[in-house]
Structure formats: structure tokens, C-alpha cells
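Colleague: First the structure, then my questions, so here it is.
Number of protein chains: 2
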Amino acid sequence: MRVTDEAIDRIKQMIVTGELRPGDRLPREPDLAARLGLSRSSLREAVKALALIRVLEVRQGDGTFVTSLDPALLMETMGFVLDLHQDASVLEFFEVRRILEPAAAARAALRMPDADIAMLRKLLDELGPEPSVEDLLASDVEFHRLLAVGSGNRALASIIDSLRQPTYRARIWRGLTQNDAVAQTLAEHRAILDAIEGREPEVARSWATVHIAGVERWIQDAVNLDGVEPPPTRRKASAKSPRVLSRSTPVEY
Amino acid sequence: MRVTDEAIDRIKQMIVTGELRPGDRLPREPDLAARLGLSRSSLREAVKALALIRVLEVRQGDGTFVTSLDPALLMETMGFVLDLHQDASVLEFFEVRRILEPAAAARAALRMPDADIAMLRKLLDELGPEPSVEDLLASDVEFHRLLAVGSGNRALASIIDSLRQPTYRARIWRGLTQNDAVAQTLAEHRAILDAIEGREPEVARSWATVHIAGVERWIQDAVNLDGVEPPPTRRKASAKSPRVLSRSTPVEY
DNA sequence: CGAATTAATTCATCCGATCTATATGCCGTA
DNA sequence: TACGGCATATAGATCGGATGAATTAATTCG
Numbered sequence: 550m551r552v553t554d555e556a557i558d559r560i561k562q563m564i565v566t567g568e569l570r571p572g573d574r575l576p577r578e579p580d581l582a583a584r585l586g587l588s589r590s591s592l593r594e595a596v597k598a599l600a601l602i603r604v605l606e607v608r609q610g611d612g613t614f615v616t617s618l619d620p621a622l623l624m625e626t627m628g629f630v631l632d633l634h635q636d637a638s639v640l641e642f643f644e645v646r647r648i649l650e651p652a653a654a655a656r657a658a659l660r661m662p663d664a665d666i667a668m669l670r671k672l673l674d675e676l677g678p679e680p681s682v683e684d685l686l687a688s689d690v691e692f693h694r695l696l697a698v699g700s701g702n703r704a705l706a707s708i709i710d711s712l713r714q715p716t717y718r719a720r721i722w723r724g725l726t727q728n729d730a731v732a733q734t735l736a737e738h739r740a741i742l743d744a745i746e747g748r749e750p751e752v753a754r755s756w757a758t759v760h761i762a763g764v765e766r767w768i769q770d771a772v773n774l775d776g777v778e779p780p781p782t783r784r785k786a787s788a789k790s791p792r793v794l795s796r797s798t799p800v801e802y
Numbered sequence: 550m551r552v553t554d555e556a557i558d559r560i561k562q563m564i565v566t567g568e569l570r571p572g573d574r575l576p577r578e579p580d581l582a583a584r585l586g587l588s589r590s591s592l593r594e595a596v597k598a599l600a601l602i603r604v605l606e607v608r609q610g611d612g613t614f615v616t617s618l619d620p621a622l623l624m625e626t627m628g629f630v631l632d633l634h635q636d637a638s639v640l641e642f643f644e645v646r647r648i649l650e651p652a653a654a655a656r657a658a659l660r661m662p663d664a665d666i667a668m669l670r671k672l673l674d675e676l677g678p679e680p681s682v683e684d685l686l687a688s689d690v691e692f693h694r695l696l697a698v699g700s701g702n703r704a705l706a707s708i709i710d711s712l713r714q715p716t717y718r719a720r721i722w723r724g725l726t727q728n729d730a731v732a733q734t735l736a737e738h739r740a741i742l743d744a745i746e747g748r749e750p751e752v753a754r755s756w757a758t759v760h761i762a763g764v765e766r767w768i769q770d771a772v773n774l775d776g777v778e779p780p781p782t783r784r785k786a787s788a789k790s791p792r793v794l795s796r797s798t799p800v801e802y
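Residue numbers (my numbering), protein chains in the order written: chain Y, 550 to 802; chain V, 550 to 802.
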């Protein structure tokens with residue numbers, strides 16, 4: 550086994566065994582390298598790899614730390630990976646969303662605290678009857694995020710959140726071309742929330758299914774029409790993103 | 550932005566834009582370093598990070614290559630991450646499985662080719678009526694994997710597969726303590742397969758739900774009993790695992 | 001007391017030498 | 001010609017030290 554791979558494993562084990570806890574600081578590079586019996590260069594490769602998947606966080610001039618290991622944080626890696634599958638398999642990921650989001654909505658109807666429901670209601674109310682496409686998308690993303698969190702299952706919420714990433718471009722495209730989609734989205738959001746508020750899981754599930762399926766169907770049709778391609782939305786990632794994974798910043802949604 | 554992070558991004562972009570395709574070989578370390586304008590050491594950190602998440606594969610003495618980028622391969626990263634959440638949130642991941650696997654079973658009932666169904670049948674038949682715990686677990690893993698693949702959705706299959714990883718230890722524990730679990734598992738597997746063969750998606754979904762819920766309930770009970778802890782199953786990963794992520798080898802399931 | 005400067009700590013980057021694994025072509029043998 | 005083993009080229013693996021940059025803390029000065 551390569552020394553670097555072994556270092557990755559050793560550090561991982563230090564976390565699993567509890568020797569290193571979330572937020573803990575790792576020994577200095579030279580010290581840890583000595584302890585693991587390898588050179589700084591090799592250790593740095595291991596640390597960089599673990600930083601990419603958000604297990605470690607390096608702060609220049611300060612030190613290297615174990616992250617919170619929050620599922621949501623760890624799942625960000627999935628978004629990075631999903632970026633590699635932009636064109637072809639978007640529909641496959643969409644189908645997974647169509648499975649997970651209704652389930653999350655149903656669970657939210659059972660478990661979501663009243664206070665969080667109120668927050669969700671406020672989010673919808675703050676959006677005017679005819680919002681801009683940008684505002685709608687921002688609200689949409691936040692709505693689904695809170696809905697997923699409301700399921701009370703962090704792992705479920707994280708996966709849903711990650712799956713949303715690779716499809717948001719398609720949704721932007723939809724917002725730009727289909728004007729009645731705005732009103733429809735708003736109405737469906739309210740229907741889902743009403744069901745949750747009324748503690749009716751099956752109604753929430755159904756509305757969520759309708760909501761996701763609507764977008765999915767539209768994308769499906771668009772894909773089937775030959776020559777129809779989403780407009781290029783490529784951005785220079787290097788300049789904007791301070792994160793290692795260089796993900797899209799929230800403001801872009 | 551750190552030069553290494555920029556290198557990660559540049560390589561990612563080279564893949565996204567199609568300049569590098571799956572299976573392609575990257576330029577030699579010195580050449581690529583020169584092209585990206587950084588040192589070999591820094592480039593190596595970037596390559597190591599991308600190798601950890603299975604985007605690149607390095608073969609000493611041969612070269613560095615883009616992997617197949619198969620969703621299943623990419624999702625392996627999730628398993629690595631999930632290993633960090635062994636104790637507390639296993640049940641959360643289990644709940645996601647309880648959502649996804651029945652959905653996959655239902656879809657398999659609609660889409661799975663007859664030939665694949667026959668293969669699944671053969672898998673179950675080859676297992677004797679009273680198999681060893683090891684054989685049962687191996688068969689179980691393969692059964693669920695084929696079932697997920699049978700859904701016809703690679704993304705769904707990959708996620709299910711990844712989620713299975715962090716729970717297999719719990720299942721091993723179950724197999725060792727509950728003897729009737731063997732017969733029950735076999736019967737449930739057959740029931741699921743019968744439903745798929747009969748092209749009855751809702752029946753398949755229900756049996757899959759029962760199957761997963763059974764294990765989940767058992768784990769739930771075990772967790773609730775104070776002082777009951779799974780036996781240590783720690784292994785020396787360094788010696789056994791040739792993969793970068795040092796995951797469990799199939800034979801251990 | 002507060003602000004600015006300085007110093008110490010820590011990671012970031014680079015360099016180039018040496019080691020190791022792999023692939024491939026050459027060569028001898030059958 | 002066919003096969004097997006050896007030599008060599010290639011490419012990644014590892015190392016250790018020098019230098020730069022960012023952050024934090026201590027110190028000094030107004």
C-alpha cells in the first residue's frame with residue numbers, strides 16, 4: 550500500500566476511534582508526518598485528499614482541523630461527483646429525487662416542528678405573487694431544503710440536497726422559458742405546505758410527487774426534442790469559489 | 550485560490566468539457582504540471598485528491614487515467630464518508646434505504662429484463678436451504694445489488710449500494726445472533742423475486758419494505774437496549790485493501 | 001487603553017534527487 | 001516460428017529541505 554494511502558487510512562482511523570473528534574486540530578505537518586512515518590510531501594497529499602471530501606479543513610497559518618463531519622457537509626462530495634454527469638444521466642438523478650422528496654414530505658408532515666412549519670410558511674408568503682425568476686429559484690431551493698430537513702433525517706436531507714445540485718441548471722432553463730411554471734410552482738409549494746401543516750403525510754407525499762414529476766416531465770420532453778439544448782451556463786469557477794470543491798455559491802441558485 | 554485547488558478544478562473542467570474522456574490518459578506528471586503552471590508536488594496533491602474520489606486512477610509505472618466515471622464507481626466515495634458515521638446515524642441511513650429499496654424493487658418489477666430475473670433466481674437457488682452466515686451475507690449483498698441494478702436507474706443503484714456499506718456490520722451481527730433470521734431472509738428474498746417475476750410492482754415494493762423494515766426494527770431494538778454493543782469487527786485495513794479508499798473487500802460481506 | 005508593528009507559528013509551494021513498479025522490446029532458446 | 005526471461009525505458013512514489021504566505025499572538029508605541 551502506498552504510504553499516502555496508508556496515511557489517509559490512519560487519519561481516518563484516528564477519527565473513527567475517537568482519537569480525533571470533530572473540530573479537533575491535527576498535529577503540525579512535520580510532527581504528524583514523523584508520527585506516521587512519512588515525509589511531509591506525502592502527508593500533504595493525504596491531507597489534501599481528505600480535505601477534498603470535507604473530512605479535514607486546512608487553514609493556512611492556523612492548522613489542520615477535523616470538520617464537523619456533519620452529513621450535509623460530507624455529502625457535498627456527492628455534488629462534486631455529480632457535476633461530472635451533467636448531460637446524460639440527469640433524468641436518472643431526477644427519478645431518485647422523485648422517490649426521495651415525496652418520502653421526505655410525508656415524513657415532514659409527521660415530524661416537522663410547528664415552528665419550522667411557520668418558517669416555511671413565512672418563506673412562501675414573503676415571495677410576492679409575481680416574483681422574478683431569480684427570487685423564485687432562491688425560494689424554491691430554500692423551500693425544498695427546509696422540507697428535506699423537516700423530514701427529521703439528516704442523511705435523507707443531505708442526499709436530497711446533493712441531488713438537487715446537478716439539476717438546478719435545468720430548472721433555471723425551465724423558469725426562463727415557461728412563464729406559467731412560476732405560478733404553478735408557487736401553488737404546488739403551498740399545497741405541499743398545507744398538507745404538512747394539516748399533518749396529512751399522504752397528501753404531502755402526493756403533492757410532492759406531482760411537483761417533482763411536473764419538472765421531470767418537462768425536462769423529459771425537452772430532452773426528447775432533438776436539437777433542443779440548454780443554454781450554456783458555464784462560469785469561471787476558479788475566481789468565484791473559495792471552497793475546495795468549487796461548488797456553486799448559494800446566490801447563484 | 551490555492552494552486553492545488555485550481556489544479557483540481559482545471560482537471561475537472563478538462564473532463565467536463567470532454568477534453569479528457571473516461572479511460573483517457575493524462576499527460577505525464579512533469580508535463581501536466583508545466584501546463585497547469587505548478588510544481589509536481591502540488592499537482593500530485595491534486596491528483597491524489599481526485600484519485601480518492603475515484604475520478605482518476607494512478608498506475609505506477611504506467612500513467613494516470615480518467616476512470617470510467619461510472620456512477621457506481623463515483624458513489625463509492627459516499628461509502629468512505631459514511632464510514633465516519635458508524636454509530637449514531639446508522640438508523641438514519643437505514644431509513645433512506647427503506648425508502649429507496651422498495652422503490653427500486655417496484656421499478657425492477659416493471660423494467661428488469663427476464664434474463665436478469667433468471668440470474669437472480671439462480672442466485673437464490675444456488676444457496677442451500679441452510680447456508681452458512683457468510684454465504685447468506687454474500688448472497689444477500691449480491692441479491693440487493695442486482696435488485697438495485699434491475700431498477701434500470703444507475704444512479705439509484707449506486708446510492709443504494711453505497712448506503713448498504715455502513716450497515717453491513719450490523720447485519721453481520723444480526724446473522725450471528727438471530728438464527729431464524731436466516732430462514733426469514735431467504736423467504737423474503739424469494740417473495741420479492743416472485744413479485745418481480747410476476748411483474749407486480751406494488752407487491753415487490755411491499756415485500757421489500759417488509760424486508761428492510763425487519764432488519765431496521767431489529768437494529769432499533771438493539772440500539773435501545775442499553776449496554777448492548779456490536780462486537781468489535783475492526784480489521785487492519787492497510788494490509789488487505791489495495792484500493793485507495795481501503796474499503797472492505799467483497800469477500801468480507 | 002488602543003492601535004500599529006513585530007514575531008512566532010503553520011501551512012503553501014517548489015525543487016531536484018533517488019527509489020520503485022510497470023510495460024515493452026530484445027534476445028536467446030527450443 | 002514460438003516462447004520465456006532479461007534489460008531498459010518510462011512514469012509514478014517518496015523524500016527532505018529551502019522559501020513564501022497567511023494567520024495569530026505578543027509587543028511596542030502613541
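For glycine and all other residues, C-beta sits at the position ideal for the given N, C-alpha and C. Computed from a prediction, not measured in an experiment: that's the story for all the values here.
(1) Any idea which residues DSSP pairs Glu555 (chain Y) with across the strands?
(2) Which chain V residues sit within Cβ distance under 7 Å of Phe642 (chain Y)?
(3) Give the C-beta separation of Leu695 (chain V) and Asp665 (chain V) to the nearest angstrom, bearing in mind that I take them to be a contact with Cβ-Cβ under 8 Å.
(4) Using a Cβ-Cβ distance under 7 Å, would Arg784 (chain Y) count as near chain V?
(5) What separation, rounded to the nearest whole angstrom, lies between the Cα atoms of Leu587 (chain Y) and Glu641 (chain V)?
(6) Should Met563 (chain Y) be flagged as near chain V, meaning a C-beta pair shorter than 7 Å?
(7) Starting from Glu749 (chain V), trace the beta strand (DSSP E) both ways and give me its first and last residue.
(8) Could you tell me which residues DSSP pairs with Arg574 (chain Y) in its beta bridges?
(9) What residues in the stretch 589-600 of chain V bring their beta carbon closer than 8 Å to a beta carbon of chain Y?
(10) Would a check of beta-carbon distances place Leu805 (chain Y) closer than 7 Å to chain V?
(11) Which residues bound the alpha helix (DSSP H) around Arg670 (chain V)?
(12) Would you mind stating whether Val530 (chain Y) and Asp573 (chain Y) have Cβ atoms separated by less than 7 Å?
(13) Name the DSSP bridge partner or partners of Arg584 (chain V)?
(14) Any beta-carbon of chain V closer than 7 Å to the one on Thr626 (chain Y)?
(15) I want to see whether chain V comes within less than 7 Å of Leu587 (chain Y), judged by CB atoms only; does it?
(16) What residue from Y:Ser688, Y:Ile709 and Y:Asp689 has the CA that sits closest to Val698 (chain Y)'s CA?
(17) So, helix, strand or coil for Leu640 (chain V), using DSSP?
(18) Hey, is Arg589 (chain V) close to the ligand NAD, as in C-beta under 6 Å from one of its heavy atoms?
(19) Counting only C-beta atoms, is Val607 (chain V) closer than 7 Å to chain Y at any point?
(20) How many Å lie between Arg551 (chain Y) and Val607 (chain V) at the Cα?
(21) Could you tell me if Pro620 (chain Y) is buried or exposed, where buried requires 16 or more neighbouring beta carbons within 10 angstroms of its beta carbon?
(22) DSSP beta-bridge partners for Val607 (chain V)?
(23) Tell me where the alpha helix (DSSP H) around His693 (chain Y) begins and ends.
(24) Considering only the beta carbon of each residue, do Arg748 (chain Y) and Ala658 (chain Y) sit closer than 7 Å?
(25) Does the structure place the stretch 647-654 of chain Y close enough to the stretch 677-697 of chain Y that three or more beta carbon pairs sit under 8 Å?
(26) If we ignore side chains and look at the alpha-carbon of each, how far apart do Glu691 (chain Y) and Leu742 (chain Y) end up?
(27) With distances taken Cα to Cα, identify the nearest neighbour of Ile517 (chain Y) among Y:Ile745, Y:Asp689, Y:Leu705 and Y:Gly701.
(28) Compute the Euclidean distance between the alpha carbons of Ser590 (chain Y) and Ala740 (chain V), then round it to the nearest angstrom.
(29) Using the beta-carbon count (16 or more within 10 Å), is Pro678 (chain Y) buried or exposed?
(30) Are the CB atoms of Val731 (chain Y) and Leu686 (chain Y) within a distance shorter than 7 Å?
(31) Tell me which residue opens and which closes the alpha helix (DSSP H) that Pro620 (chain Y) is part of.
(32) Give me the Cβ distance between Glu737 (chain V) and Phe643 (chain V), rounded to the nearest whole Å; I'm assuming they're in contact under 8 Å.
(33) Have a look at Leu599 (chain V) and Arg703 (chain Y) and give me their C-alpha separation to the nearest angstrom.
(34) So what's Met563 (chain Y) in DSSP terms, helix, strand or just coil?
(35) Rounded to the nearest angstrom, how far is the Cβ of Leu705 (chain Y) from that of Leu622 (chain Y), given a contact under 8 Å?
Modeller: A quick look at the data gives this:
(1) When beta bridges are read from the DSSP output, Glu555 (chain Y) appears opposite no residue.
(2) What Phe642 (chain Y) touches in chain V: Ala704.
(3) 7 Å
(4) Per-residue confidence for Arg784 (chain Y) stands at a pLDDT of 35, beneath the threshold of 50, marking its modelled position as unreliable; the derived number appears in the next sentence. Not an interface residue.
(5) 38 Å
(6) no
(7) Taken as a continuous stretch (DSSP letters only), Glu749 (chain V) belongs to no beta strand (DSSP E), as it is neither H nor E.
(8) Y:Phe614
(9) Ser590, Arg593, Glu594, Ala595, Lys597, Ala598, Leu599 and Ala600
(10) Absent from the model: residue 805 (chain Y). The displayed extent of chain Y is 550 to 802, so no value can be given.
(11) Asp663 to Glu675
(12) One cannot answer for residue 530 (chain Y) here, as it falls past the ends of chain Y, which runs 550 to 802.
(13) Paired residues: none, contrary to the question.
(14) yes
(15) no
(16) Y:Ile709
(17) helix
(18) With respect to the ligand NAD, the structure shown offers nothing to examine, as it has no ligands at all.
(19) Closer than 7 Å: no.
(20) 11 Å
(21) buried
(22) Answer is V:Thr613.
(23) Val682 to Gly699
(24) yes
(25) Between the stretch 677-697 of chain Y and the stretch 647-654 of chain Y, the count of Cβ pairs shorter than 8 Å is three or higher; the stretches touch.
(26) 13 Å
(27) Residue 517 (chain Y) lies beyond the range of chain Y shown here (550 to 802); nothing can be said about it.
(28) 55 Å
(29) exposed
(30) no
(31) Pro620 to Leu623
(32) Not really, about 16 Å apart at Cβ, beyond 8 Å.
(33) 26 Å
(34) helix
(35) Approximately 15 Å separates the beta-carbon atoms of Leu705 (chain Y) and Leu622 (chain Y); this is outside 8 Å, ruling out the contact.
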